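To start, the structure itself, in structure tokens.
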Amino acid sequence: MKTKIIIFSAILLMSLFCLAEISKAETHIYSLPFDANVAGETYVLDSDLILDTGVAITVSADGIVLDGNGKSITFAVSGQGHGIAISSGVTGAEILNFTLNHGNYDPRAGEIIAAIRLNGSASNIKIHDNNINIVHGGSIENSFGHGVQLSGGFGTSEGNEIYSNEINIAGTSGGRGISLDTSGTFTGTIRDNEITLTGITSVPAGYPRAISLPSRGPIEVYGNTVNIDSNSSFSQGISLWSSDGNVIRDNTINLAGRNSRAILVDGGSDNNKIYSNVINITSQNQAGENSAGIRLRYGSSNNEIYGNTVDAANSSGICMPIRVGGNEGNGIPLNNIFHNNTLSSQSYVISLEGASQNTDFYSDIINKIGEGYAINFYGTASELVLDTTFSHEVFSGSKLVRLSGIQGELSTSGIIFCQSMIESPDVFVGAGIHDWSISDGPCSYGEQSDTVSPSNPSGLNVT
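Everything in the sequence shown is counted per the numbering used here, starting at 12 for the first residue and increasing by one.
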């Protein structure tokens, strides 16, 4: 009897083991289009596949793992389509190990091509270790090619992680590496991706962007490498528009494109922290063109920008590590703080142009290469530069300052150089009316962030 019990137990254990193995079984994808619609299932791409038009793979259930197995999907060969689309409401899906190649189709007006597209309120999605190549888009107005697109549709998409992907964007204009829709609210992380813009410009479809955040957050963007090649122009590395409370840190941006911005804080983007980024600018700008490392404008307020290194020493033409100002109907940038940045350029190192108010700079290292002005102010009666303080700045090379505007108009007011290396002979006063002073202190500073852990700045959930 004892022997029978032992044998029965062994058979039962083997049966349970077999059931466990069956439950782990993978579903292989042999043809397209395909609907991954069984919750919790793992789907594996079996071979390189091509789909002329439409969505190659749709993820329509929770907890799905979609494994590309190192294989490729070529999509949008003869018509509009996406590589992978995740349906609205899906949670906990994971997309990995794909090569997603955009085919020969150039989207028409109003059409979007995306390698991976999250729809609506899809949440807690992981997208990682994929290779994405978008080769067309923007040949006509309002046509776009995206690497990864989060399309909110006025919904909320939370807890998404986009990491360790290689994304290459070419085409005529308007391409996006990773892009969030303007109508949604998104939270999560974009980290450790490498995104390259090649030979792309802004006409006719709009500015190309490696990482585009035109939406409500917060999103944490860190550890990414962005490359914008010398054949590109009017391009943006990391772009914020009406986007609040984000953390942009520890990214490397190599900007060779003409008339471009490495980091753009725009359209009323408030309460963002931008720090410990490394920006290398080698733009060869022509007459009438300019590039910027960090550009802040159009009502963007209460941002803190610190500990960044922006090197434009090997650029030509006008390449400004920091440029502030401009309203264009979005209001005046207010209460922004720049500190402990290391900035180098052969042109203006810091430029305040157009409207801004209550801007504090302190403890920055300013390296002006060659002759000329290290700091530039330009204001008009309608776009005043107001209440700007420079404190404890350290200069290498020229420490000349230019104040300019329009003859007879108040152009700048409340400009203070406090406990600074700048002396009265360093300040050139050009056209316009200017109110400025040099102070021995005490200096007032905008409120600085508390020290935060490099592994989790601002307390955002990055797990």
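Where a beta carbon is used, it is the ideal one built from N, C-alpha and C, also for glycine.
Here the structure is a predicted model, which is why all the values come from computation and not from measurement.
Here DSSP, grouped into helix, strand and coil, assigns PRO332 to strand.
Here ASP322 has ASN291, SER355 as same chain residues with Cβ atoms under 6 Å from its own Cβ, once five neighbours each way along the sequence are excluded. As the crow flies, the alpha-carbon of SER246 is around 21 Å from that of ILE316. In the DSSP annotation of this structure, the continuous segment of the beta strand (DSSP E) that includes HIS113 starts and ends at 110 to 113.
Each residue's CA atom was taken as its position, placing ILE95 and HIS157 some 12 Å apart.
By the C-beta criterion, the segment 258 to 265 is judged to be in contact with the segment 277 to 297, since at least 3 inter-stretch pairs fall below 8 Å.
Beyond the five residues adjoining it in sequence on each side, ASP451 comes within less than 7 Å, by CB distance, of GLN430 in the same chain, given in chain order. Ranked by Cα distance from ARG306, the first of GLY65, GLY278, ILE145, GLY318 is GLY278. Shortest Cα-Cα distance from LEU224 to any of ASP371, ALA104, SER244, ASN257 involves ASN257. LYS82: not part of any beta strand (DSSP E); DSSP gives it neither H nor E.
In the DSSP assignment, LYS137 falls within the beta strand (DSSP E) that extends over 137 to 139.
Annotated three-state conformation of SER98 is coil, per DSSP.
Take THR209, set aside five residues on each side of it, and the residues of its chain with a beta-carbon closer than 6 Å to its own are ALA181, ASP240, in chain order.
In the structure shown, the three-state DSSP call for SER407 is strand. In the DSSP assignment, GLU169 falls within the unbroken beta strand (DSSP E) covering 167 to 174. Cβ neighbours of ASN80 within its own chain (closer than 8 Å, five residues either side excluded): VAL55, LEU56, ASP57, ASN108.
For ILE380, there is no enclosing beta strand (DSSP E), as DSSP gives it neither H nor E.
Note on geometry: alpha-carbon atoms of PHE349 and ASP371 lie some 6 Å from one another.
Collapsing the DSSP output to three states places SER435 in a helix. With respect to GLN160, ALA125 sits close: the two C-beta atoms are nearer than 8 Å.
Note that the C-beta distance between SER415 and ASP446 is not below 8 Å. DSSP places TYR359 outside any beta strand (DSSP E), giving it a letter other than H or E. Annotation: the continuous beta strand (DSSP E) that includes GLN368 extends over 367 to 373. Excluding the 5 residues flanking it on each side, ALA67 has same chain C-beta neighbours closer than 8 Å at LEU43, PRO44, PHE45, LEU60, ILE84, PHE86, GLY92, HIS93, GLY94, ILE95, in chain order.
DSSP places GLU231 in the uninterrupted beta strand (DSSP E) bounded by 230 to 233.
Judged by DSSP in its simplified three-state form, THR64 adopts coil rather than helix or strand.
GLN160 carries a strand assignment under DSSP once its states are collapsed to helix, strand and coil. One thing to note: GLY149 has its Cβ no nearer than 8 Å to the Cβ of GLY188.
Burial check for ARG119: the Cβ neighbour count within 10 Å stays below 16, so the residue is exposed. The beta carbon of GLU122 sits closer than 6 Å to the beta carbons of GLN91, SER154 from its chain, once the five residues preceding and following it are set aside; these are given in chain order.
Taking a 10 Å sphere around the C-beta of TYR41, we find fewer than 16 other C-beta atoms and assign the residue as exposed.
Partner residues in the beta bridge of ALA303, as assigned by DSSP, are ARG272, MET331.
Under the criterion of beta carbons closer than 8 Å, ASN115 and ASN144 do not qualify as touching, at roughly 13 Å. Within the model, the alpha-carbon separation for GLU169 versus ILE377 is close to 40 Å. The distance from the Cβ of ASN387 to that of SER362 is about 4 Å, consistent with a contact at the 8 Å cut-off.
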